[in-house]
Amino acid sequence: SLPENSDDALIRQVVDADAGVSETLSDDPLLGAEHHFTLFKKKYGKSYANQEEHNFRFKVFQKNLKRARRHQRMDPSAIHGVTQFSDLTRSEFKRTVLGLRGSRRLRLPTDANTAPILPTEG
Amino acid sequence: LPEDFDWRDHGAVTEVKNQGSCDHAGVQCTGALEGANYLATGNLVSLSEQQLVDCDHECDPEEAGACDSGCNGGLMNSAFEYTLKAGGLMKEKDYPYTGTDRGTCKFDKSKIAASVSNFSVVSLDEDQIAANLVKNGPLAVAINAVFMQTYVGGVSCPYICSKRLDHGVLLVGYGSAGYAPVRMKEKPYWIIKNSWGESWGESGFYKICRGRNICGVDSMVSTVAAVQTTSQ
Numbered sequence: 255s256l257p258e259n260s261d262d263a264l265i266r267q268v269v270d271a272d273a274g275v276s277e278t279l280s281d282d283p284l285l286g287a288e289h290h291f292t293l294f295k296k297k298y299g300k301s302y303a304n305q306e307e308h309n310f311r312f313k314v315f316q317k318n319l320k321r322a323r324r325h326q327r328m329d330p331s332a333i334h335g336v337t338q339f340s341d342l343t344r345s346e347f348k349r350t351v352l353g354l355r356g357s358r359r360l361r362l363p364t365d366a367n368t369a370p371i372l373p374t375e376g
Numbered sequence: 302l303p304e305d306f307d308w309r310d311h312g313a314v315t316e317v318k319n320q321g322s323c324d325h326a327g328v329q330c331t332g333a334l335e336g337a338n339y340l341a342t343g344n345l346v347s348l349s350e351q352q353l354v355d356c357d358h359e360c361d362p363e364e365a366g367a368c369d370s371g372c373n374g375g376l377m378n379s380a381f382e383y384t385l386k387a388g389g390l391m392k393e394k395d396y397p398y399t400g401t402d403r404g405t406c407k408f409d410k411s412k413i414a415a416s417v418s419n420f421s422v423v424s425l426d427e428d429q430i431a432a433n434l435v436k437n438g439p440l441a442v443a444i445n446a447v448f449m450q451t452y453v454g455g456v457s458c459p460y461i462c463s464k465r466l467d468h469g470v471l472l473v474g475y476g477s478a479g480y481a482p483v484r485m486k487e488k489p490y491w492i493i494k495n496s497w498g499e500s501w502g503e504s505g506f507y508k509i510c511r512g513r514n515i516c517g518v519d520s521m522v523s524t525v526a527a528v529q530t531t532s533q
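These protein sequence lines are chains A and B, in that order.
To convert, take the position in the first sequence, counting from 1, and add 254; that gives this note's numbering.
To convert, take the position in the second sequence, counting from 1, and add 301; that gives this note's numbering.
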């Protein structure tokens with residue numbers, strides 16, 4: 255398994271510079287970040303308690319734009335960009351959105367019934 | 302096996318749910334049972350996740366302290382185990398979703414809408430996963446969701462993705478040819494129902510390529526069978 259922040263630690267494969275650039279992000283994801291952030295807040299109805307929180311979320315949003323671009327390079331057949339989770343840090347995303355419990359790498363329970371092998375041809 | 306298959310085309314998949322910030326691993330459990338119940342009874346009924354959030358505290362016998370715990374998450378097989386022991390799940394409309402785990406368990410046995418007959422784990426083999434999907438209905442699966450935070454659409458097929466499982470979803474179908482321009486070939490993919498609302502991904506669904514256990518999607522797959530019940 256990879257470390258927790260594995261998408262930051264992965265070896266990046268070199269791909270063609272034009273390949274798979276997201277339709278939703280420009281070459282420099284931080285260009286127009288404020289505009290993206292404004293659209294993001296409007297689309298997902300986001301509001302923040304105070305200016306400090308707003309500033310923090312904007313920084314997180316900028317990081318997630320970079321993350322989306324990185325994901326786009328690593329996953330060119332999909333489209334990556336702004337989602338409703340773009341103002342969440344990776345750890346917040348894991349804590350609040352992902353629900354599989356278990357600190358260790360999950361394995362199939364040994365006492366579970368195993369589905370019978372089904373025919374797959376013909 | 303058919304080349305393409307999608308349980309949405311056969312009426313076995315309910316509307317996409319939005320768990321908010323309360324993921325109990327119940328969504329894939331309810332989704333799998335909704336599909337199995339549809340196959341057993343011919344009725345598609347949206348089942349209560351809130352029942353699982355409030356009432357399921359089943360523990361994993363193989364890991365001390367790993368118990369299903371409201372909005373703090375759980376394990377899909379534990380959720381199946383709870384559903385089996387409790388007798389079944391109520392309808393969503395009888396036990397609606399609140400997105401919090403501060404309430405008490407309000408399970409009413411007289412209003413059970415679907416019951417688990419048994420559940421099994423499916424082998425890692427992708428043909429077996431496809432065969433079980435076609436034969437038994439949508440399957441509960443676990444996945445590493447790192448690429449899902451930024452996913453907007455298309456077929457996700459990352460060059461590298463951790464297989465550390467951290468999110469439960471529902472496998473509802475597969476396609477034989479998703480477009481993969483960089484790799485210059487058509488790629489087969491799984492169709493996955495998520496629980497983050499319809500504004501996420503492709504109307505709430507995620508496509509991930511088949512063939513090499515990408516993001517661990519083949520690692521933990523469960524199938525469930527339902528018994529016919531008389532709901533009130």
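Note that the Cβ used here is the ideal one computed from N, Cα and C, for glycine as well.
What you are looking at is a predicted structure, and each value in this text was computed from that prediction instead of being measured.
8 angstroms Cβ cut-off: residues of chain B touching residue i
i, result
"His-290 (chain A)", "Per Cβ cutoff of 8 angstroms: no residues; His-290 (chain A) is ~13 angstroms from chain B at best."
"Asn-367 (chain A)", "Asn-419, Phe-420, Ser-421 and Val-422"
"Ala-322 (chain A)", "Thr-451"
"His-236 (chain A)", "An answer regarding residue 236 (chain A) cannot be provided, because it is not within the stretch 255 to 376 covered by chain A."
"Asn-318 (chain A)", "Gln-450 and Thr-451"
Contacts of residue i in chain A (Cβ-Cβ under 9 angstroms)
i, result
"Ser-500 (chain B)", "Lys-297, Tyr-298, Thr-337 and Gln-338"
"Tyr-398 (chain B)", "Going along chain A, no residue has its Cβ under 9 angstroms from Tyr-398 (chain B), so there is no contact; the nearest lies around 14 angstroms."
"Gln-429 (chain B)", "Ala-369, Ile-371, Leu-372 and Thr-374"
"Gly-469 (chain B)", "Leu-352, Gly-353 and Leu-354"
"Lys-436 (chain B)", "Leu-372"
Beta-carbon neighbours of residue i, restricted to chain A and to distances below 7 angstroms
i, result
"Gln-450 (chain B)", "Thr-337, Phe-339 and Phe-347"
"Asn-433 (chain B)", "Ala-369 and Leu-372"
Same chain only: Cβ atoms within 8 angstroms of residue i, ignoring 5 sequence neighbours per side
i, result
"Ser-504 (chain B)", "Val-317"
"Ala-431 (chain B)", "Leu-302, Phe-306 and Tyr-475"
"Asp-324 (chain B)", "Cys-372, Gly-374, His-468, Gly-469 and Ser-496"
"Phe-294 (chain A)", "Lys-300, Phe-315, Val-336, Ser-340 and Asp-341"
Whether residue i touches residue j by CB criterion (8 angstroms)
i, j, result
"Thr-392 (chain B)", "Ala-414 (chain B)", "The sequence shown places Lys at residue 392 (chain B), rather than the Thr named in the question. The answer is yes: Cβ separation under 8 angstroms."
"Gly-327 (chain B)", "Leu-353 (chain B)", "yes"
"Ala-526 (chain B)", "Asn-419 (chain B)", "yes"
"Val-470 (chain B)", "Gln-329 (chain B)", "yes"
"Gly-321 (chain B)", "Gly-400 (chain B)", "yes"
"Asp-329 (chain A)", "Cys-516 (chain B)", "no"
"Tyr-452 (chain B)", "Tyr-507 (chain B)", "yes"
"Leu-354 (chain A)", "Leu-466 (chain B)", "yes"
"His-325 (chain A)", "Phe-448 (chain B)", "yes"
"Asn-378 (chain B)", "Ala-369 (chain A)", "no"
"Asp-519 (chain B)", "Leu-425 (chain B)", "yes"
"Gly-388 (chain B)", "Ile-333 (chain A)", "no"
"Arg-311 (chain A)", "Tyr-298 (chain A)", "no"
"Ser-331 (chain A)", "Gly-404 (chain B)", "no"
"Asn-338 (chain B)", "Gly-498 (chain B)", "no"
CB-CB length for residue i against residue j, believed under 8 angstroms
i, j, result
"Pro-439 (chain B)", "Val-473 (chain B)", "5 angstroms"
"Ser-496 (chain B)", "Val-423 (chain B)", "Actually they do not touch by this definition, with Cβ atoms about 21 angstroms apart."
"Arg-511 (chain B)", "Pro-489 (chain B)", "4 angstroms"
"Val-383 (chain B)", "Asp-357 (chain B)", "Before going further, note that residue 383 (chain B) is Tyr rather than Val in the sequence given. Confirmed, about 4 angstroms."
"Gly-502 (chain B)", "Asp-305 (chain B)", "About 19 angstroms; that fails the 8 angstroms criterion."
"Gly-336 (chain B)", "Ala-313 (chain B)", "4 angstroms"
"Gln-429 (chain B)", "Leu-372 (chain A)", "6 angstroms"
"Ala-332 (chain B)", "Lys-464 (chain B)", "Reading off the sequence shown, one finds Gly at residue 332 (chain B), where the question assumed Ala. Rounded, the Cβ-Cβ distance is 22 angstroms, inconsistent with contact."
Same chain, Cβ closer than 7 angstroms to residue i, neighbours up to 5 away in sequence not counted
i, result
"Asp-307 (chain B)", "Val-473, Gly-474 and Ile-492"
"Phe-347 (chain A)", "Phe-339"
"Lys-407 (chain B)", "Asp-355 and Tyr-396"
"Met-521 (chain B)", "Val-442, Ala-443 and Leu-466"
"Gln-351 (chain B)", "Tyr-396, Pro-397, Tyr-398 and Thr-399"
"Cys-462 (chain B)", "Asn-445, Val-447, Phe-448, Ile-515 and Cys-516"
Boundaries of the beta strand (DSSP E) in which residue i is found, first to last residue
i, result
"Lys-488 (chain B)", "486 to 494"
"Val-417 (chain B)", "413 to 423"
"Ile-333 (chain A)", "332 to 334"
"Thr-350 (chain A)", "Unbroken run through Thr-350 (chain A) is the alpha helix (DSSP H), 344 to 350; no beta strand (DSSP E)."
"Val-456 (chain B)", "452 to 457"
"Thr-524 (chain B)", "522 to 528"
The alpha helix (DSSP H) enclosing residue i, as first and last residue numbers
i, result
"Ala-387 (chain B)", "377 to 387"
"Cys-330 (chain B)", "327 to 342"
"Cys-510 (chain B)", "It is not in any alpha helix (DSSP H) - Cys-510 (chain B) instead sits in the beta strand (DSSP E) that spans 506 to 510."
"Ala-322 (chain A)", "305 to 328"
"Ile-430 (chain B)", "427 to 437"
"Tyr-298 (chain A)", "287 to 298"
"Leu-353 (chain B)", "351 to 356"
Contact list for residue i against chain A, beta-carbon separation under 8 angstroms
i, result
"Val-525 (chain B)", "Simply none; closest approach about 10 angstroms."
"Lys-488 (chain B)", "Ser-331"
"Tyr-383 (chain B)", "By Cβ distance, chain A contributes nothing, its closest Cβ being about 13 angstroms from Tyr-383 (chain B), past 8 angstroms."
Listed by chain order, chain B residues near residue i by CB distance under 7 angstroms
i, result
"Thr-217 (chain A)", "What is shown of chain A runs 255 to 376, which leaves residue 217 (chain A) out entirely."
Contacts around residue i, its chain only, beta-carbon distance under 6 angstroms, and the 5 residues preceding and following it disregarded
i, result
"Leu-256 (chain A)", "No answer about Leu-256 (chain A) holds up, because its pLDDT of 47 lies below 50 and its placement is not dependable."
"Ser-349 (chain B)", "Leu-390, Met-391, Glu-393 and Tyr-396"
"Phe-315 (chain A)", "Phe-291, Ser-340 and Asp-341"
"Ala-367 (chain B)", "Asp-361"
"Ser-347 (chain B)", "Thr-315 and Glu-393"
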